[in-house]
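From first to last, the protein sequence lines stand for chains A and B.
Last residue of the first sequence: 216 in the numbering used here, with the numbers rising by one and none dropped.
Last residue of the second sequence: 359 in the numbering used here, with the numbers rising by one and none dropped.
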Amino acid sequence: MQRLTPAPSRGAVNMRGITTTALSLVAKALSGATTRWIDCHPDTCQRVYFANHTSHLDALVVWASLPAEVRNLTRPVAARDYWDRGFVRRHLAKSFNALLIDRTNIKVHQSPIDLMLHEAGDVHSYIVFPEGGRNPEGEIGEFKSGLYYLGKKRPDWELVPVYIDNLNRVLPRGEFLPVPLLSCITFGPPIWLEPGEPKTSFLSRARSAVLRLKEA
Amino acid sequence: MLLGPGVVQLDFHTSILLAVVLLVLSIAFGVGQFLRRQTETTVNSAMVQAFNLRVQTWWMMFAILAVSLLIPFRAATVLLFFLVSFWALREYITLTPTRAGDHRALFWVFFAFTPLQYILVGLGREYYDQYSIVLPVYGFFFVSARVALSGDHKRFLERTAKIQAGLFVCVYALSYAPALLDLQLVDSHAMASETDVNNSPPGAESPEGSTDLESARGNWQGKPAGILFFLILIVQMGDVFQYGWGKLLGRRIIAPTINSNKTWEGFVGGVLSSALLGTLLTLLFQVTPFNVWQAALMSMVTTIMGYAGSLTMSAIKRDRGVKDYGTLVEGHPGILDRIDSICFAAPVFFHLTRAFFSR
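Now the structure itself:
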């Protein structure tokens with residue numbers, strides 16, 4: 001039923017493989033995440049998963065919800081100011097192969113979008129949170145324009161909406177100890193940037209694609 | 001006590017009963033699979049699906065229980081119930097609205113109070129005084145005070161009461177089921193004769209003549225695993241009997257706004273059928289120290305409590321506007337949906353057994 005390309009055969013089991021598998025198991029156990037795919041299947045083609053942002057666990061749990069073959073090719077895009085602080089976070093970010101973006105010091109010539117396009121090549125997919133920051137009330141804020149530029153520069157990438165439910169209660173803003181409630185990650189049908197579609201209407205369409213999964 | 005060497009939890013009679021139950025469930029599983037393959041016109045497919053789901057859940061439930069009882073340490077069964085409690089509490093809190101101010105209280109509820117209760121239960125009957133009060137008293141104080149400390153007073157009493165209720169039903173009440181395993185049971189027949197001795201006026205001839213009191217209150221020769229198994233089997237079968245009698249004869253719905261499946265006819269039929277089942281189990285397998293009428297009474301009380309439990313949890317679900325606990329996804333029954341009757345029945349069953357059938 002699931003359309004999966006077989007994983008490239010790896011020789012020996014390496015240490016990073018064990019760390020990532022253990023990490024995704026822990027993330028899934030802690031967040032009790034149910035994964036749903038609605039009108040969408042796991043695939044190793046290049047995609048941008050865009051999700052609502054509610055908790056520091058978001059990137060980790062969405063990444064862990066993907067099947068291993070897809071997960072190995074998918075990199076969460078995360079804030080450098082959070083994930084580059086301290087040994088543990090830095091090590092975690094390395095384990096799930098995060099692409100760290102400097103939110104505070106964006107240079108004109110080396111924009112995050114250019115970095116993402118460069119790093120992805122023809123292989124990797126990304127998990128992004130277009131709201132830019134976490135939304136404490138659980139509502140979904142306005143999307144920033146990064147998703148639009150990604151869609152414009154790489155029209156071949158599938159843009160997959162993801163709705164994250166209840167993770168903000170597992171690890172709310174300002175807390176460092178999690179409460180192991182159950183959460184739900186819903187992947188929805190991909191969207192693309194239509195030719196000539198204005199930025200604002202695309203971004204609001206993308207936002208409503210995420211919102212629609214809340215009711216599904 | 002916790003790791004008593006060579007203590008086998010199961011005795012011969014309970015093993016036989018366990019095997020019979022697993023066999024019956026396997027047959028039911030086979031029948032369900034057969035029905036599933038029939039064409040839609042001959043059988044009600046929704047009902048077959050519900051039946052199959054039930055049978056699968058029971059099969060899992062009893063298989064896991066059997067495995068935990070086969071391990072010669074009581075700790076294995078205590079651990080199993082701890083995991084069930086933990087998961088049930090997870091489901092409960094997930095569907096209960098909480099606020100950011102409850103977060104730290106919840107952390108300690110999950111990672112300190114829930115394990116603590118099961119550690120005390122695991123330590124055995126000497127810790128009865130501790131495990132019977134730690135959650136209702138200290139857990140109660142802690143949750144209230146920790147939520148107050150967060151500074152968020154909005155709907156304070158409602159929020160704390162919800163957390164306390166969850167802790168009470170999912171953890172405290174359920175922990176009485178594995179606590180049964182450490183009771184020192186006495187033989188009911190011997191106890192009855194002892195009562196006769198006490199009731200006889202001095203000088204009058206008692207039926208046992210000069211029975212030595214100590215030997216009269218002799219230890220029951222079976223293992224306590226039998227009564228845990230008896231409790232769970234009666235609760236589960238009580239649910240089935242109620243459902244069956246309700247479908248057959250149900251006219252008067254008890255609480256239409258809470259659960260339309262529960263009728264007075266089903267209730268009475270269920271309680272009486274359970275009494276019959278308890279009697280049969282006692283006659284055929286002797287898994288408990290109860291005699292026939294005691295087994296019938298215990299079964300009736302257990303079923304009534306189980307009924308109260310599932311009605312209560314239905315009321316909470318109705319209030320939340322959901323059909324099942326379980327995941328956030330509609331239509332997936334969770335662990336809490338399966339154990340709600342056991343939660344209410346276990347403490348009462350424990351207290352009755354402790355008061356009348358243990359030393």
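Ideal placement from N, C-alpha and C gives every residue a C-beta, glycine not left out.
Once the 5 residues before and after residue i are set aside, which same chain residues still bring their CB inside 6 Å of it?
| i | result |
| --- | --- |
| Q184/B | S358, R359 |
| S299/B | I234, S274, A275, G278 |
| A345/B | V235, T302, M305, G306 |
| P347/B | A173, Y176 |
| G238/B | G270, S274, T303, G306 |
| F168/B | none |
| I191/A | L159, A209 |
| A296/B | A275, G278, T279 |
| E214/B | Because E214/B carries a pLDDT of 45, less than 50, the predicted location of this residue cannot be relied on, and the following value inherits that uncertainty. Closer than 6 Å at Cβ, skipping near neighbours: no residue. |
| A46/B | none |
| V48/B | L35, R36 |
By DSSP's criteria, residue i is part of a beta bridge. Which residues make up the other side?
| i | result |
| --- | --- |
| C184/A | T34/A, D165/A |
| L99/A | V77/A |
| L174/B | In the DSSP output, where bridge partners are listed per residue, L174/B has none listed. |
| V159/A | Contrary to the premise, residue 159/A reads as Leu rather than Val in this sequence. In the DSSP output, where bridge partners are listed per residue, L159/A has V48/A, I191/A. |
| L185/B | S358/B |
Given residue i, which residues of its chain have a CB within under 8 Å of its CB, disregarding the five upstream and five downstream residues?
| i | result |
| --- | --- |
| K28/A | V61, A64, S65 |
| V147/B | G101, D102, A105, F156, R159, T160, I163 |
| G326/B | E91, H332, P333, G334, I335, L336, D337 |
| S95/A | R16, T19, T20, L23 |
| P289/B | L185, V186, D187, S188, W220, G222, I227, F357 |
| A112/B | none |
| W83/A | R89, R90, L92, A93, A98, L100 |
| S145/A | K199, L203 |
With a threshold of 7 Å on Cβ separation, who are the neighbours of residue i within its own chain once the five nearest residues in sequence on each side are excluded?
| i | result |
| --- | --- |
| L73/A | T44, V123, H124, S125 |
| T353/B | L180, L183, I227 |
| F350/B | Y176, A179, L180 |
| M60/B | none |
| K152/A | L193 |
| I339/B | V84, A88, L174 |
| L25/B | V55, W58, W59, F62 |
| V121/B | V78, Y131, S175, P178, A179 |
| G166/B | L89, Y92, I93, T96 |
| E197/A | none |
Taking the continuous beta strand (DSSP E) assigned at residue i, which residues delimit it?
| i | result |
| --- | --- |
| I127/A | 125-128 |
| F50/A | 47-51 |
| I254/B | 253-255 |
Taking residue i as part of the alpha helix (DSSP H), name the residues at either end of that continuous run.
| i | result |
| --- | --- |
| T263/B | T263/B -> not in any alpha helix (DSSP H); beta strand (DSSP E) instead, spanning 259-263. |
| I64/B | 45-70 |
| R205/A | 199-215 |
| V77/A | Taken as a continuous stretch (DSSP letters only), V77/A belongs to no alpha helix (DSSP H), being part of the beta strand (DSSP E) at 74-79. |
| I335/B | 335-357 |
| I27/B | 12-36 |
| P112/A | 112-120 |
| T77/B | 74-94 |
| F229/B | 225-249 |
| F142/B | 140-149 |
| K153/A | 146-153 |
| V62/A | 58-65 |
| K162/B | 156-166 |
| Q130/B | 128-131 |
| R173/A | Element bounds for R173/A: n/a, residue is neither H nor E. |
| R71/A | 68-71 |
If the criterion is Cβ atoms closer than 9 Å, does the pair residue i and residue j meet it?
| i | j | result |
| --- | --- | --- |
| G188/A | L213/A | yes |
| A120/A | L100/A | no |
| T54/A | I164/A | yes |
| G309/B | C343/B | yes |
| L69/B | T77/B | yes |
| V55/B | A28/B | yes |
| I185/A | V170/A | no |
| R36/A | A216/A | yes |
| F267/B | I258/B | no |
| G32/A | L181/A | yes |
| V171/B | L135/B | yes |
| R80/A | R47/A | no |
| D58/A | R134/A | yes |
| N52/B | R36/B | yes |
| F229/B | T98/B | no |
Taking only heavy atoms of the ligand ZN into account, decide whether any of them is closer than 8 Å to the Cβ of residue i.
| i | result |
| --- | --- |
| Q221/B | In the structure shown, the ligand ZN is absent, as is every other ligand, since no ligand is present at all. |
Taking only runs that begin and end inside the segment 289-328 of chain B, name each unbroken alpha helix (DSSP H) of 4 or more residues, in chain order. 292-320
Alpha helix (DSSP H) runs contained entirely in the segment 98-122 of chain B, provided each spans 4 or more residues: 103-108
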